[in-house]
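Heads up: the structure comes next, in structure tokens.
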Amino acid sequence: MPRVKIVLVACATIVLSVAALALVSAFPPSQFNFYPKCMMYQWTGLHCPGCGGTRAVHELSQGRFQEAIRMNALVILLLPILVATLVWQYFAHGGKKPFFQLVTGPKSAWALAFLVIGFGVLRNIPVEPFTWIAPISQTQTQMQTQTQTGSQTKQ
Amino acid sequence: MSSGMPNNPYSSGPLQNAPMSGMGPTVPNYLVQSILVTICCCIPFGIVAIVYAAQVNSKAAVGDFEGARTSSNNAKKWCWIALITGIVLNILGTVVQFLIVGAAAVQQQGMNGM
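Sequences listed follow chains A and B, in order.
Using this note's numbering, count along the first sequence one by one with no gaps and you end on 143.
Using this note's numbering, count along the second sequence one by one with no gaps and you end on 552.
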């Protein structure tokens, strides 16, 4: 791969990532609806493994780590590793050994596959321990803020 | 490797001539790409890509490089299907949303005029 192309791709990636992060940080996804919607949730009402991801990144950008995990644990914990792996795969040519290998064999490949699919299935079970990994819906957050303000006015 | 499928379109890739280095040719498994496309596009096709991607290492581990390449190609194909469907559905969804909002606004205006 020519060096110029590598530099161009790297610059474009960094600029786009920073721009996207700034956008998500400045405009809360729960208040602005110009963000791409999850088509699976729109049409079926089911949460996909990525649902709540944009809100999670917004929470993380505001330094609220716990709320970020609450919205989408998979995106916060796994996405950085996946992106790092992909970037490494792209730039490490010529048989260079990666410093960190996510998938080393069949077992880790299936483990990762089942982690993502299992996360997507489990968060749709509407029972207490599983609802913790489902994102909080907009109406729920609105109700929470309403009750919060309501209790504040009572006090 | 079986040579019983002369017309297999996947058997004549550039990886066929890759140097055998102890563990055989490396077949890209597209697992990371599959997961990213599933998370970002939320399309069940991404799950299909993940399953195909996970098959690649299993098949390569038992020496079935033919099968590993087939799974690899399938994973790649479903990644693209999921990505394109996701983008198209999202654009369609946005257009439909705008139409609904527009229709509601027009209706509101008509009611205000009465």
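In this text, a Cβ means the ideal position worked out from N, Cα and C, and glycines have one as well.
Keep in mind that this is a model prediction, so the values were computed, not measured.
In this structure residue 69(A) is not in contact with residue 48(A), their Cβ atoms being roughly 15 Å apart against a cut-off of 8 Å. Here the alpha carbons of residue 116(A) and residue -2(A) stand approximately 43 Å from one another. In this structure, DSSP gives residue 123(A) a state outside helix and strand, which the three-state scheme calls coil. From the beta-carbon of residue 30(A), the residues of chain B found nearer than 7 Å are 531.
Boundaries of the alpha helix (DSSP H) harbouring residue 490(B): 483 to 499, taken from the DSSP string. Chain A has no Cβ within less than 8 Å of the Cβ of residue 537(B). Taking C-beta atoms as the reference points, residue 100(A) and residue 469(B) count as a pair closer than 8 Å. Judged by DSSP in its simplified three-state form, residue 9(A) adopts helix.
When the five nearest sequence neighbours on each side are left out, the beta carbons in the same chain lying within less than 6 Å of the beta carbon of residue 17(A) are those of 23, 42, 43, 46, in order along the chain. In this chain, the alpha helix (DSSP H) harbouring residue 78(A) covers 61 to 79. For residue 31(A), the closest of 545(B), 548(B), 524(B) by C-alpha to C-alpha distance is 524(B). Comparing alpha carbon positions, the residue from 517(B), 508(B), 464(B), 467(B) closest to residue 474(B) is 517(B). Just so you know, the alpha carbons of residue 502(B) and residue 492(B) end up roughly 14 Å apart.
In the DSSP assignment, residue 95(A) falls within the unbroken alpha helix (DSSP H) covering 94 to 110.
Residue 535(B) sits exposed, since fewer than 16 C-beta atoms from the chains shown fall within 10 Å of its C-beta. Listed along chain B are 470, each with a C-beta nearer than 8 Å to that of residue 73(A). Residue 21(A) sits in coil when the DSSP states are folded into three classes, being neither helix nor strand. The beta carbon of residue 496(B) sits closer than 8 Å to some beta carbon of chain A. Neighbours of residue 489(B) in chain A, taken as residues at a C-beta separation under 7 Å, are given in chain order as 101.
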